[in-house]
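J.: Encoded as structure tokens, here's the structure I'll be asking about.
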Amino acid sequence: MSLEALAALQTALVTRLSGDPAVGAIAPVVHETPPSDAVPPYLALAPFAAEDRSTKSGRALRVRIIVRLALDTQTDAAIFSAAKTVRSALADPPVVIEGAFRLVRLDLRSFDLVRPRHGGREGRLGLVALLAER
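Take 1 as the starting number for the sequence shown in this note's numbering and just add one per residue.
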């Protein structure tokens, strides 16, 4: 498994989300890991889980990512709208990662709405990325 590929993917996702004006309007701060003391609104990438998906034809990784979207809103509609904005920011144009691996696919697999103790709403987007060796 390539730790460099995971680090490159995380950097590419944070860069993409941080640089998107629509995402910045709803969550001005993007964290590489969920902070324990952050106050909404913010985005954070939860720890990655990766599996080796190599075949005879080349090395590949399947990576599960959780994007936490914490807002200081009291409406579910606001978090759903924000989640669509985040998904759109990651979809077009495709996310490019540096290094020996390329991003083949980035799919939204799940969405959970959470009501944390601090109030507000938190959306958790479950993404799956497939990385293949260049």
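Virtual Cβ for every residue (Gly too), placed ideally from N, Cα, C.
Computed from a predicted model, the values in this text were never measured in an experiment.
Mind checking who HIS25 pairs with in its DSSP beta bridge?
T.: The residue you call residue 25 lines up with position 25 of the sequence shown. Rather than His, the amino acid found at residue 25 in this sequence is Ala. Looking at the DSSP assignment, ALA25 forms no beta bridge with any residue, so it has no partner.
J.: Can you tell me whether VAL114 is buried or exposed? The criterion is at least 16 other CB atoms within 10 Å of its CB, across all chains shown.
T.: What you label residue 114 is simply residue 114 of the sequence shown in a count that begins at 1. Answer is exposed; the Cβ neighbour count stays below 16.
J.: At which residues does the alpha helix (DSSP H) containing ALA7 begin and terminate?
T.: Within the sequence shown, residue 7 is the residue found at index 7, counting from 1. That run of the alpha helix (DSSP H) goes 3-19.
J.: Between which two residues does the alpha helix (DSSP H) carrying VAL86 extend?
T.: On the sequence shown, position 86 is the one that residue 86 refers to. For VAL86, the enclosing alpha helix (DSSP H) covers residues 76-91.
J.: Does the distance from the CB of ARG68 to the CB of ALA89 come in under 7 Å?
T.: Mapped onto the sequence shown, residue 68 falls at position 68. Mapped onto the sequence shown, residue 89 falls at position 89. No, these two residues do not count as a Cβ contact at 7 Å.
J.: Among GLU98, LEU127, ARG105, ALA83, whose alpha-carbon lies nearest the alpha-carbon of ALA25?
T.: Taking the first residue of the sequence shown as 1, we reach residue 25 at position 25. Minimum Cα-Cα distance from ALA25 among the listed residues GLU98, LEU127, ARG105, ALA83 corresponds to ALA83.
J.: Over what stretch of residues does the beta strand (DSSP E) that includes GLY126 continue unbroken?
T.: In the sequence shown, the residue the question calls residue 126 occupies position 126. It spans 121-133 - the beta strand (DSSP E) in which GLY126 sits, taken as one unbroken run.
J.: With a CB to CB cut of under 7 Å and the five nearest residues on each side skipped, what residues in its chain are close to SER54?
T.: Here the question's residue 54 lines up with position 54 in the sequence shown. For SER54, where only same-chain residues beyond five positions count, the Cβ hits under 7 Å are ALA60.
J.: Between which two residues does the beta strand (DSSP E) harbouring GLU51 extend?
T.: Walking along the sequence shown from the start, residue 51 turns up at place 51. Its beta strand (DSSP E) spans residues 49-52.
J.: Determine the burial state of ARG121: buried for a count of at least 16 other Cβ atoms within 10 Å of its Cβ, exposed for fewer.
T.: Translated into the one-based positions of the sequence shown, residue 121 becomes position 121. So ARG121 ends up on the buried side.
J.: Assess contact between the region 22-39 and the region 98-107, defined as three or more Cβ pairs (one per stretch) separated by less than 8 Å. Is contact present?
T.: Contact between the region 22-39 and the region 98-107 is absent: fewer than 3 CB-CB pairs across the two stretches fall below 8 Å.
J.: I'd like the span of the beta strand (DSSP E) that includes ARG109, first residue to last.
T.: Working through the sequence shown from its first residue, we reach residue 109 at position 109. Looking at the DSSP string, the run of the beta strand (DSSP E) that includes ARG109 is 101-114.
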